[in-house]
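Structure first, then comments.
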Amino acid sequence: MSLDIQHIRGQFPILHTEVYGKPLVYFDNAATTHKPARVVNKVNEIYHTLNSNIHRGVHYLSNQATLAYEEARKKVQLFVNAPNSHEIIFTSGATAAINLMATSFGDTYIKEGDEVIISTMEHHSNIVPWQLMCKRKKAVLKVIPLFENGELDMQAFENLLSEKTKLVSVAYVSNSLGTVNAIPEIIEKAHSNNTPVMVDAAQAVQHLNVDVQELDVDFLVFSGHKIYGPTGTGVLYGKEKYLNEMEPWQGGGEMIKSVSFEETTYNELPFKFEAGTPNIAGVVGLGEAIDFVSELGLDNIAAYEHELLQYATARLNEIEGMRIIGTANNKSSVISFLVKEIHPFDLGTMLDKMGIAIRTGHHCAQPVMDFYKIPGTMRASLAVYNTKEEIDKLVDGINKVAVLFG
Amino acid sequence: MTIQEIQEEIVEEFSSFDEWMDKYAYLIELGNDLEPFDDTYRLDQNLLDGCQSKVWLHAWMDDGKVYYMGDSDAIIVKGIVALMIRALSGQTPEAILDNELSFIDKIGLKEHLSPTRSNGLVAMIKQMRLFALAFKAKQV
């Protein structure tokens, strides 16, 4: 089914705003996507009609709010095809989910001398929590190297695996290069080494179908705000057998069964990992965003975005002095590039004046920039509401700026 | 010329640009024309690292006046660095400390001095004043 993009655009009020008197062209979707009106309305509706704390009140509103919150959990479960809804943990974002993992998984399973494998292309969020954990546990962080085209060196990965490897944690899609990693292969190799795998799907779930059972992935995290949902929402999926064994991350209300000063027993899944009052309205809004995405169909989204990516890559390559950073065979939604010797900040600033929003800098992936020996890149990242006309505007804008720089 | 007079001159120059494109083209020109930075001073201690771009700043005192040398890897930032140097270099520490740099706002480039831009310019202005303060302290 082909998507009616104009109809989709109509659902995003912010896309019709002007910046500096020019219509907004938004290509910073890997940082955050915009929200369709139905998501914003849903969040509003919760505050206006259902606001109450969940899981603890006997009163009507509390029950209604709890139902709405748990319905969102069910939606996430179906969305990633998790076996059980209690394997879905709500967090404040992918970053919080990875920090939860690094702390809880680390406390439970990792001891001195053990190893965790990540990759060169990870976002800082999938590097720093593991560094902190390794420092606490005197464990060792191992890094899968990159090839020049932005693909992971799978042979090197295989060589890194050993009996010391306690976890592999890698991105599904690179936020700085757009590479779609060979996750099934990574999982297969890790599992044959008896090592569980965590996948950072923050740049994946909004662009391609993710089925945790088909992948047999052990843990998967993503952010709500990058999939058309509210900020301050995120998800950790984990296999029950691990989550049950893992130590809790944060302590507080909701996550306990009984507390005395001698001993505290923890609540069952998923509540064990959801201390304190969660982002109730946000989570319900995330459920609405998932409905939005599911109704469009991820296969349809992936097909359309692939067409956009192909078009954008071809058009950008027409620009003199264009250098696309990350040319993996399998890419999704992200194009990082440099033009001649123009500093990303300069180009980004000039494009901004034309109403075009792109990201410049290291994209919280400094090791990637170090690998390519560049200070940063310009990054255009696509969403389902982007159009070929917008890509043309980007190309025209870059050409205009390039003239000034000679 | 006093700092105030230089600032007025810059504002006058920029008032002739109707289009933002012309204004930025001029900044690029200023950046390109900025006196080359002496690489012996390209040291970590002279680097004001923004997240988006880098600024280098060196200052020295000669005959009671403060002189600055600056650079940036981003040319627009370098153009603004050139304007700052034009306004403050060759002035006394007292004059540098007494004058507000109001011209940036008046020529419509204030957005580049917002802390969220993290281009090193905010740190640069602060550092220029700190140099002046240090030289002033040395004089007495």
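Residue numbers (the working numbering), protein chains in the order written: chain E, 1 to 406; chain R, 1 to 140. The C-beta atom is built at its ideal place from N, Cα and C for all residues, glycine as well.
- When secondary structure is reduced to three states using DSSP, Ser15 of chain R falls in the coil class, being assigned neither helix nor strand.
- Under the Cβ distance rule, Gly252 of chain E does not count among the residues neighbouring chain R, no pair being separated by less than 8 Å.
- At least 8 Å separates the beta-carbon of Gln203 of chain E from that of Val170 of chain E.
- Not one beta carbon of chain E lies nearer than 8 Å to the beta carbon of Ala123 of chain R.
- Note that the C-beta distance between Ser336 of chain E and Gly326 of chain E is below 8 Å.
- Cβ-Cβ distances below 7 Å link Ile54 of chain E to Ser62, Ala65, Thr66, Tyr69 and Ile280 in the same chain, with the five nearest sequence neighbours on each side left out; the list follows chain order.
- Lys22 of chain E counts as exposed, since fewer than 16 other beta carbons sit within 10 angstroms of its beta carbon.
- Counted as a single uninterrupted DSSP element, the beta strand (DSSP E) harbouring Tyr67 of chain R occupies residues Lys65 to Ser72.
- Secondary-structure assignment with DSSP links Trp249 of chain E through no beta bridge to anything.
- The three-state reading of DSSP puts Ile8 of chain E in helix, counting H, G and I together.
- Within chain E, the residues placing a beta-carbon under 9 Å from that of Asp73 of chain R are His343, Phe345 and Pro375, ordered along the chain.
- Judged by their CB atoms, His343 of chain E and Asp73 of chain R are nearer to each other than the 8 Å cut-off.
- Judged by their CB atoms, Gln155 of chain E and Leu141 of chain E are not nearer to each other than the 8 Å cut-off.
- By the Cβ neighbour-count rule, Thr17 of chain E is exposed, with fewer than 16 other Cβ atoms within 10 Å of its own.
- Closest in alpha carbon position to Arg315 of chain E, among E:Ile391, E:Arg38 and E:His225, is E:Ile391.
- Beyond the five residues adjoining it in sequence on each side, Ile125 of chain R comes within less than 8 Å, by CB distance, of Met84, Leu101 and Leu113 in the same chain, given in chain order.
- In the DSSP assignment, Thr103 of chain E falls within the unbroken alpha helix (DSSP H) covering Ala94 to Tyr109.
- Its chain contains Leu298, Ala302 and Ser332 as the residues whose beta carbon lies nearer than 7 Å to that of Leu208 of chain E, once the 5 sequence neighbours on both sides are disregarded; these appear in chain order.
- Neighbours of Trp20 of chain R in chain E, taken as residues at a C-beta separation under 7 Å, are given in chain order as Lys353.
- In the three-state reduction of the DSSP assignment, Tyr311 of chain E falls in the helix class.
- Nearest in C-alpha terms to Met354 of chain E, of all of R:Tyr24, R:Ala134, R:Phe17 and R:Thr2, is R:Tyr24.
- With a cutoff of 8 Å on beta-carbon distance, Leu78 of chain E and Val116 of chain E are scored as not near each other.
- What Ala82 of chain R touches in chain E, judged by beta-carbon distance under 9 Å, is nothing: the nearest beta carbon there is about 14 Å away.
- Of all residues in the stretch 13-25 of chain E, the ones placed with a Cβ closer than 9 Å to any Cβ belonging to chain R are Tyr20, in chain order.
- For Phe405 of chain E, the neighbours in chain R by C-beta distance under 9 Å run, in chain order, Ile28 and Ile75.
- Val235 of chain E and Val81 of chain R have their C-alpha atoms some 45 Å from each other.
- Contact check between the stretch 28-36 of chain E and the stretch 226-233 of chain E: three or more CB pairs, one atom from each, fall below 8 Å, which counts as touching.
- Rounded to the nearest angstrom, the gap between the Cα atoms of Glu29 of chain R and Thr387 of chain E is 35 Å.
- Distances from the alpha-carbon of Tyr242 of chain E to those of E:Phe292, E:Pro270, E:Ile5 and E:Ser176 put E:Pro270 closest.
- By the neighbour-count criterion, in which a residue is buried when 16 or more other Cβ atoms sit within 10 angstroms of its Cβ, Val259 of chain E is exposed.
- Shown here, Ala87 of chain R sits in a helix according to DSSP, grouped into three states.
- At least one C-beta of chain E is nearer than 8 Å to the C-beta of Asn119 of chain R.
- Taking the beta carbon of Ala25 of chain R as reference, the chain E residues within 7 Å of it are Leu404, listed in sequence order.
- Among the CB atoms of chain R, none fall inside 8 Å of the CB of Met378 of chain E.
- Inter-segment contact for the stretch 365-382 of chain E and the stretch 7-18 of chain R is absent: fewer than three beta-carbon pairs are separated by less than 8 Å.
- Here Val334 of chain E is bridged, per DSSP, to E:Ser381.
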